[in-house]
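Novice: Note that the numbering used here has the sequence shown beginning at 81, numbered continuously upward. My questions will all concern the structure given below.
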Amino acid sequence: MKILIKNAKIISPYEVKDNSSLEIEKGKISNLFHKRKVDEEGYDRIIDAKNQYLSPGFIDIHNHGNSGYDAMDGSYQALDAIAEFHLQNGITSFLATTMTSESEKVKRALENVGKYINEKEHKNIKSQVLGIYLEGPYFAMEKKGAQPAEYIRLPDIEEMEEFINISQDTIKVVALAPELDGAEQVISYLRSKDIRVAAGHSNANFAETKIGIDAGITIATHLYNGMRSFAHREPGIIGAVLTDDRVFTELISDGIHSHLGAMDLAVRAKGKEKIVLISDAMRAAGLEDGEYELGGQAVFVKNGEARLKEGSLAGSVLTLDRAVYNMVNLVNLRIEDAVRMATLNAAKAIGLDKSKGSIEVGKDADLIIFDEDINISKAMVNGEVREFK
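Take a look at the structure:
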């Protein structure tokens, strides 16, 4: 099918191009037209963007679930429902995120994601599951956050190898604490498998974090949260990841997980190229306030905050469309910079930027159309179109 999208404000990683058009053929972006009248003959479908923004689809590399489901449920139904909700919020692809739990439950979740990804045909157009973000179980007890303490353990190469095999090689990111015994060896092993390693739920000091980065860490898990506090004589993990250009830093931009000043600091330290907006959403995303579950623990959601009984934050109810909105309206970023943090930066962080993350000829036609308030009206996955009210 050959599709033309016209009258769009196309968002590139560097600017917004008004009065532009885009051509899609065989699921790929095949041509771009800027301030040019396009001959509309020969197209199977013409979409009028009505001067709204045309953007790459958002990529959420770190999220546990939504709409009552969690990746740890280990079912096709759960992943399908999560993917449906994501697409409605402009997320055209994502990593299904696990968490610390008993080994057998983690294995079930990994096996389920691997099967889901490798299924030849899915019933409807939904957000794509690109792989797995393994959050835990190799974390520091002092910074466990909402990760269940009874299942936290030291890094283990044999266990990691088993996880990778069970997942059918779909693990894209593994988050761990770099200061733990055995962490450096596991980091090197994962990098040899082309799996990205994130530093998270860590009490590492500056030097320990640098050793981990030298070994191959390239992502910081939800910056500031689950991390040793910054101090001017011991900058710790926060100081290390903010000042090392080799590291992408995830940011939950809900205004709850981090103060607006801390969000602004992250942008100033890392620049627009190295921040990846994530939701870290749990199953309550898209639902009313109330009592939910995360990792077998009761989570209480009130006024948009998800917390364990003792008060620790337990994921979020954020969606990436709101994350982008917040970066524009609360942190005063340009729309193209905020969008980049939810698209190209995410694709680069997980090594998929050759096919996803920006509007360029030859890339997958994963696209969204939205208004000034980031309300999604249309989403495209590999050129297949879904419309939303």
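For glycine and all other residues, C-beta sits at the position ideal for the given N, C-alpha and C. Just so it is clear, the structure is predicted and the values come from calculations on it, not from any experiment.
Just to confirm my understanding: we take Glu-284, look at its own chain, exclude 5 residues before and 5 after, and list those with CB closer than 6 angstroms. What are they?
Specialist: With the sequence shown as reference, residue 284 is identified as Ala, and Glu is not the correct amino acid for it. The residues are Pro-258, Glu-259 and Ile-317.
Novice: So Asp-360 packs on His-142, CB below 8 angstroms; how close in whole Å?
Specialist: The Cβ separation is near 6 angstroms, so the contact holds.
Novice: Whose CA, out of Tyr-156, Leu-84 and Gly-170, lies closest to the CA of Ala-459?
Specialist: Selected option, being the one with the closest Cα: Gly-170.
Novice: Could you work out which residue in His-339, Ala-278 and Gly-370 is closest to Val-327 when comparing CA atoms only?
Specialist: Cα-wise, what sits closest to Val-327 is Ala-278.
Novice: Please state the DSSP three-state secondary structure of Gly-316.
Specialist: In the structure shown, Gly-316 sits in a helix (DSSP, three-state: H, G or I).
Novice: Quick one: grab the DSSP three-state call for His-166.
Specialist: DSSP places His-166 in helix when its eight states are reduced to three.
Novice: The beta strand (DSSP E) spanning Tyr-133 covers which residue range?
Specialist: 133–136 is the span of the beta strand (DSSP E), which, as asked, contains Tyr-133.
Novice: Could you give the C-beta distance for Ala-88 and Ala-129, rounded to a whole number, given that I count them as a contact under 8 angstroms?
Specialist: Right, their Cβ atoms sit about 4 angstroms apart.
Novice: Thinking C-beta only, is Val-408 closer than 9 angstroms to Ala-418?
Specialist: Going by C-beta atoms, Ala-418 is nearer than 9 angstroms to Val-408.
Novice: If I measure Cβ to Cβ from Gly-280 and keep anything under 8 angstroms in the same chain, skipping five residues before and after, which residues do I get?
Specialist: Result list for Gly-280: Glu-215, Phe-219, Ala-255, Leu-256, Ala-257, Ala-300, Thr-301, His-302, Gly-306 and Met-307, in chain order.
Novice: Select from Glu-385, Glu-373, Ser-457 and Glu-353 the residue whose C-alpha is nearest the C-alpha of Lys-428.
Specialist: It is Glu-353 whose Cα lies nearest to the Cα of Lys-428.
Novice: Express the C-alpha separation of Ile-90 and Arg-414 in angstroms, rounding to a whole number.
Specialist: Using only the alpha carbons, I get a separation of about 14 angstroms.
Novice: If you draw a straight line from the alpha carbon of Leu-447 to that of Pro-136, how long is it in whole angstroms?
Specialist: Approximately 5 angstroms between the Cα atoms of the pair.
Novice: In the DSSP output, what is Ile-109 paired with across the bridge?
Specialist: Answer by DSSP bridge pairing, in chain order: Ile-104.
Novice: Since Ser-247 and Val-193 are thought to touch, with beta carbons under 8 angstroms apart, how far apart are those beta carbons, to the nearest angstrom?
Specialist: Right, their Cβ atoms sit about 6 angstroms apart.
Novice: In the segment 177–248, which residue ranges form an unbroken alpha helix (DSSP H) of at least 4 residues, counting only runs that do not cross its ends?
Specialist: 183–198 and 237–246, all fully within the segment 177–248.
Novice: Do you know how far the Cα of Glu-440 is from the Cα of Pro-93?
Specialist: Near 10 angstroms, if we compare the C-alpha coordinates of Glu-440 and Pro-93.
Novice: Run the CB neighbour count on Arg-276, radius 10 Å, all protein chains shown included, and call it buried at 16 or more, exposed below.
Specialist: So Arg-276 counts as buried.
Novice: Is Lys-290 closer than 9 angstroms to Ala-311 when the C-beta atoms are compared?
Specialist: Not in contact: Ala-311 and Lys-290 (Cβ atoms no closer than 9 angstroms).
Novice: Under 9 angstroms, do Gly-431 and Lys-273 count as touching if we go by C-beta distance?
Specialist: The answer is no: Cβ separation not under 9 angstroms.
Novice: Looking at the structure shown, is Asn-425 part of a helix, part of a strand, or coil, going by DSSP?
Specialist: Three-state result, Asn-425: helix.
Novice: With Asn-425 and Val-356 assumed to form a contact (beta carbons below 8 angstroms), what rounded beta-carbon distance in angstroms separates them?
Specialist: Sure, about 5 angstroms apart at Cβ, within 8 angstroms.
Novice: Identify which residue in Tyr-123, Ser-333, Gly-122 and Asn-131 has its Cα closest to the Cα of Asp-100.
Specialist: According to the sequence displayed, residue 100 carries Ser and not Asp. Of the listed residues, the one whose Cα sits closest to Ser-100 is Asn-131.
Novice: Are the beta-carbon atoms of Asp-369 and Lys-382 separated by less than 9 angstroms?
Specialist: Contact flag set, yes.
Novice: How would you label Gln-265, buried or exposed, when you count the other beta carbons within 10 angstroms and need 16 or more for buried?
Specialist: By the 10 Å Cβ count, Gln-265 comes out exposed.
Novice: If you draw a straight line from the C-alpha of Asp-294 to the C-alpha of Tyr-269, how long is it?
Specialist: Rounded to whole angstroms, Asp-294 to Tyr-269 spans 13 angstroms at the Cα level.
Novice: Could you spell out where the alpha helix (DSSP H) holding Thr-289 opens and where it closes?
Specialist: Counting along the chain, the alpha helix (DSSP H) containing Thr-289 begins and ends at 286–295.
Novice: Ends of the beta strand (DSSP E) at Tyr-372?
Specialist: Residues 370–374.
Novice: Would you report the Cα separation of Leu-374 and Asp-160, rounded to the nearest angstrom?
Specialist: One C-alpha to the other measures close to 19 angstroms.
Novice: Out of Leu-234, Leu-400, Glu-241 and Lys-223, which has the shortest C-alpha to C-alpha gap to Tyr-304?
Specialist: The option with the nearest alpha carbon to Tyr-304 is Lys-223.
Novice: By the 10 Å Cβ neighbour count, where 16 or more other Cβ atoms means buried, how is Met-221 classified, buried or exposed?
Specialist: By the 10 Å Cβ count, Met-221 comes out exposed.
Novice: Could you tell me whether any Cβ in chain C is nearer than 9 angstroms to the Cβ of Gly-391?
Specialist: Absence of chain C from the displayed structure is noted, only one protein chain being present.
Novice: Buried or exposed for His-339, going by 16 or more other Cβ atoms inside 10 Å?
Specialist: Result: exposed.
Novice: Sorted by chain position, which residues of the same chain lie with C-beta nearer than 6 angstroms to Pro-315's C-beta, five sequence neighbours on each side aside?
Specialist: Cβ within range, chain order: Phe-286.
Novice: Under the rule that 16 or more other beta-carbon atoms within 10 Å means buried, what is Arg-125, buried or exposed?
Specialist: It counts as exposed.
Novice: Comparing C-alpha positions only, which one of Thr-323, Phe-243 and Glu-121 sits nearest to Pro-217?
Specialist: Selected option, being the one with the closest Cα: Phe-243.
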